[in-house]
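Some notes on the structure that comes next.
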Amino acid sequence: MRSSLIEIRNLCIQTANESRELVKNISFSIYPGEAVGVVGESGSGKTLTALSILGLLPRGVLAQSGEVTYGGKNLLNASEESRRSIRGREISMIYQDPMTALNPVMKLGKQLLEVFEAHELPKENAQERALNALIEVGIPEPERAMQSYPHEFSGGMRQRVMIAMALVLSPKLLIADEPTTALDVTIQRQILALISEQRKKTHMSILWITHDLGVVANLVDRVIVMYAGQIVEEGSVNEIFTNPQHRYTAGLLKSLPKATIKNRERLSAIPGVPPKPWLVENSCAFSSRCSYVTEECLTKTPALIRNKFTSAACFHPVGGNS
Amino acid sequence: MLQILNVEKKYNIKASKSVINALNGVSLNIEIGKTLGIVGESGCGKSTLARIIVGLEKPTSGEIIWKDEAVRNKVNAQFKNHHSSIQLVFQDPYSSLNPRQKIGNCIEEVITTHKLRNGSGVQERVDELLLEVGISSDLQHRYPHQLSGGQRQRVSIARALASEPDLLVLDEPVSALDVSVRADVMNLLFDLREKFNLTYIFISHDLSMVRHISDAIAVMYLGKVVEYGLWSEVLDNPQHPYTRALIDSIPSHEHIGMNQSDNQLLGEVPDPANMPSGCAFHLRCPIVKIQCKINSPELIRVQGNHLVACPEVGK
Chain A
5 MRSSLIEIRN
15 LCIQTANESR
25 ELVKNISFSI
35 YPGEAVGVVG
45 ESGSGKTLTA
55 LSILGLLPRG
65 VLAQSGEVTY
75 GGKNLLNASE
85 ESRRSIRGRE
95 ISMIYQDPMT
105 ALNPVMKLGK
115 QLLEVFEAHE
125 LPKENAQERA
135 LNALIEVGIP
145 EPERAMQSYP
155 HEFSGGMRQR
165 VMIAMALVLS
175 PKLLIADEPT
185 TALDVTIQRQ
195 ILALISEQRK
205 KTHMSILWIT
215 HDLGVVANLV
225 DRVIVMYAGQ
235 IVEEGSVNEI
245 FTNPQHRYTA
255 GLLKSLPKAT
265 IKNRERLSAI
275 PGVPPKPWLV
285 ENSCAFSSRC
295 SYVTEECLTK
305 TPALIRNKFT
315 SAACFHPVGG
325 NS
Chain B
9 MLQILNVEKK
19 YNIKASKSVI
29 NALNGVSLNI
39 EIGKTLGIVG
49 ESGCGKSTLA
59 RIIVGLEKPT
69 SGEIIWKDEA
79 VRNKVNAQFK
89 NHHSSIQLVF
99 QDPYSSLNPR
109 QKIGNCIEEV
119 ITTHKLRNGS
129 GVQERVDELL
139 LEVGISSDLQ
149 HRYPHQLSGG
159 QRQRVSIARA
169 LASEPDLLVL
179 DEPVSALDVS
189 VRADVMNLLF
199 DLREKFNLTY
209 IFISHDLSMV
219 RHISDAIAVM
229 YLGKVVEYGL
239 WSEVLDNPQH
249 PYTRALIDSI
259 PSHEHIGMNQ
269 SDNQLLGEVP
279 DPANMPSGCA
289 FHLRCPIVKI
299 QCKINSPELI
309 RVQGNHLVAC
319 PEVGK
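The listed protein sequences derive, respectively, from chains A and B. In this text, residue positions in the first sequence follow my numbering: the first is 5, and each later residue adds one. In this text, residue positions in the second sequence follow my numbering: the first is 9, and each later residue adds one.
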């Protein structure tokens with residue numbers, strides 16, 4: 005059995021004030037060199053899960069219980085200092101909107117060099133490593149780029165700069181929170197190719213958070229599907245897309261227009277909207293929208309159980325109960 | 009039928025003394041009851057075109073003709089009439105609905121402005137419209153923030169329908185919605201089109217949705233139509249190198265693993281304030297020839313109604 009790079013166990017995240025549960029008791033691991041995709045809609049808890057790993061949860065939201073084990077340490081109760089030494093160096097993160105993640109009034113070169121300063125690394129070759137990082141991600145005229153401000157770049161180029169900054173210290177894990185959602189598709193394609201290429205070179209692990217099933221199918225090895233703060237299904241990318249077992253995953257895949265579909269044909273839609281995670285108690289979170297719902301689904305919370313294809317938290321999985 | 013005749017739109021930027029060429033001569037037709045899909049990346053002019061079609065902006069040159077009558081901008085006296093027959097639905101219902109107005113009132117306002125009903129007829133019509141888009145009429149006293157994204161988009165569709173239009177311009181109507189809600193709103197658009205014989209202009213960057221709803225598709229790049237045809241012609245037999253690359257760039261849930269084809273486009277869309285010479289696509293084109301840097305290609309018929317603006321196609 006391989007040992008995991010990072011392990012998340014029984015993680016619960018809630019609001020500080022009203023103790024509203026936002027992420028409910030989730031567990032998963034990421035192995036060295038593996039790319040894991042977390043798919044979910046807005047409010048499913050996918051971004052909060054990622055932020056909690058780095059200790060970056062927004063004000064008013066806390067990781068109430070659980071463990072995030074990395075390098076033998078539980079990051080959830082680690083000191084801010086030890087977390088800071090991990091951020092950017094061992095685990096780094098890229099965000100959806102690089103304009104808000106980059107400092108608008110600081111030259112890019114200075115921002116890149118700050119990474120070295122923050123980790124008290126020798127300054128001698130920092131300049132050279134920063135330049136190399138920009139070349140690596142395909143920034144034309146990297147010397148000039150070092151002297152430029154973020155607004156002088158296009159969205160795609162800013163995202164490249166952010167990737168350069170995240171990868172400059174060769175982290176073991178890259179967390180990506182919808183980094184291509186705001187980009188045009190031809191630019192998204194370039195960024196996805198760039199990430200794949202860097203992954204091959206450095207063997208880093210990736211945690212890719214998105215709502216876009218197409219991106220996940222293209223990029224990752226394993227998929228985690230979140231719904232209303234819970235993991236409802238987990239499996240290899242092949243099984244999730246060819247043999248989804250949870251009724252939500254199956255319904256979602258069925259609702260997407262297919263390339264083979266006839267024009268003007270109605271789509272197979274899921275009725276309703278996702279519930280607020282804190283309002284779901286002692287029932288399956290998907291029960292209010294599921295057409296296979298039974299009494300059991302309304303009175304008990306299904307556990308994530310391994311089946312022939314995936315692991316699914318569903319009383320009536322697509323392939324039946326084995 | 010709707011005719012878009014050689015529409016150009018230039019914005020003069022005083023501060024930098026530059027001119028942004030948002031639309032560079034766009035001509036398209038769409039028959040009543042049909043749906044025209046417009047696809048392209050940001051900066052291709054698709055939203056500017058939408059605003060010109062509904063009369064929110066005035067084209068620098070060219071004309072929009074709807075049912076044999078020219079659509080003009082707001083100054084025209086007939087604007088109110090025109091406004092009621094062409095409506096726009098925006099991408100983000102949260103910013104297009106008044107946050108301090110109850111949703112019932114916001115629909116009512118349209119009915120009274122256009123004097124379409126009076127007395128108790130107004131309220132009846134509000135109920136009817138909400139029912140039409142699948143919103144329970146007891147939600148009409150709610151404010152937009154009390155609804156889900158999908159419900160809000162349904163309300164903005166009801167609001168657009170309130171003036172009894174026959175042409176709806178839908179600018180990315182499902183892009184801001186959660187994935188599991190999109191299909192439901194798309195089905196609503198299908199049903200309404202059928203029921204009221206509506207004509208749609210469906211603008212999106214999501215080719216799978218466009219494929220699904222459109223009869224004809226126009227692909228735009230830097231303010232020009234580069235390919236036009238029946239949906240099947242454009243999407244299943246794309247001819248322009250940009251259309252091919254665009255289709256190929258979209259990660260599909262039906263394909264597992266990184267797309268290995270060579271159709272990856274390098275570079276980015278050029279600045280519309282600083283247009284390249286010749287074909288606007290030549291800087292990124294995989295099959296660029298010397299004359300592409302000089303001549304700006306016109307749309308040429310390749311087959312039936314399938315038009316492509318590339319001289320290299322069909323050679």
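Built from N, CA and C at the ideal position, the CB exists for glycine as well. Since the model is a prediction, treat every value here as computed from it, not as a measurement.
Gly233 (chain A) is not a Cβ neighbour of Ser315 (chain A), given a cutoff of 8 Å. Residues of the segment 148-170 of chain B with a C-beta atom less than 7 Å from some C-beta of chain A are Ser156, Gly158, listed in chain order.
Taking a contact to require three or more Cβ pairs closer than 8 Å, the segment 11-30 of chain A and the segment 199-208 of chain A do not qualify as touching. The alpha-carbon separation between Asn325 (chain A) and Asn32 (chain B) amounts to approximately 60 Å. For the C-beta of Asn195 (chain B), the chain A residues within less than 8 Å are, from N- to C-terminus, Arg270, Leu271, Ala273. His153 (chain B) carries a helical assignment under DSSP once its states are collapsed to helix, strand and coil.
Residue-level contact by beta carbon holds for Glu45 (chain A) and chain B, with a gap shorter than 8 Å. By the neighbour-count criterion, in which 16 or more other beta carbons inside 10 Å mark a residue as buried, His149 (chain B) falls on the exposed side. Assignment of Phe157 (chain A) by DSSP, reduced to helix, strand and coil, places it in the coil class.
For Glu276 (chain B), the residues of chain A that pass the 7 Å Cβ criterion are Ser158, Gly160, Ile191, in the order they occur in the chain. Counting only Cβ-Cβ distances below 7 Å, Val189 (chain B) has contacts in chain A at Val277, in chain order.
Judged by DSSP in its simplified three-state form, Arg125 (chain B) adopts coil rather than helix or strand. What Val219 (chain A) touches in chain B, judged by beta-carbon distance under 7 Å, is Pro259, going in chain order. Between Asn14 (chain B) and Phe98 (chain B), the alpha-carbon positions lie close to 24 Å from each other. Neighbours of Ala58 (chain B) in chain A, taken as residues whose beta carbon is under 8 Å from its own, are absent, since the nearest beta carbon is some 18 Å off.
As computed with DSSP, Asp179 (chain B) is found in a beta bridge with B:Ile211.
Under DSSP, Thr43 (chain B) forms a beta bridge with B:Tyr208.
At the C-beta level, Asp188 (chain A) and Ser240 (chain B) stay beyond 8 Å of one another. Look at Gly41 (chain B): its C-beta is not under 8 Å from any C-beta on chain A.
Asp181 (chain A) has A:Ile213 as its beta-bridge partners, per DSSP. Between Gly41 (chain A) and Val224 (chain A), the C-beta spacing is below 8 Å.
Contact between Leu217 (chain A) and Leu271 (chain A) is absent: CB atoms are separated by about 14 Å, not below the 8 Å threshold. Boundaries of the beta strand (DSSP E) harbouring Ile225 (chain B): 224-229, taken from the DSSP string.
In this structure Met169 (chain A) is buried. Its beta-carbon is surrounded by 16 or more other beta-carbon atoms within 10 angstroms.
Per DSSP, reduced to three states, the secondary structure at Ile28 (chain B) is strand. Contact with chain A is absent for Glu180 (chain B), since none of that chain's Cβ atoms lies less than 8 Å from the residue's Cβ. In this structure, DSSP gives His261 (chain B) a state outside helix and strand, which the three-state scheme calls coil.
Collapsing the DSSP output to three states places Ser295 (chain A) in coil. Judged by beta-carbon spacing, Val79 (chain B) lies within the 8 Å limit of Gly63 (chain B), meaning their Cβ atoms are closer than that value. The Cβ atoms of Ala184 (chain B) and Gly157 (chain B) lie closer than 8 Å to each other. Using a CB distance cut-off of 8 Å, Ser292 (chain A) does not count as an interface residue toward chain B. In terms of Cβ geometry, Val187 (chain B) and Glu45 (chain A) form a close pair [threshold 8 Å]. Closest option to Thr184 (chain A), judged by alpha-carbon separation, among A:Thr214, A:Ile17, A:Ala307, A:Pro281: A:Thr214. DSSP places Met110 (chain A) in no alpha helix (DSSP H); its state is neither H nor E. The C-alpha of Leu55 (chain A) is placed about 19 Å away from the C-alpha of Gln163 (chain A).
Check the Cα spacing between Ala197 (chain A) and each of B:Ser145, B:Gly286, B:Gly265: the tightest is with B:Gly265.
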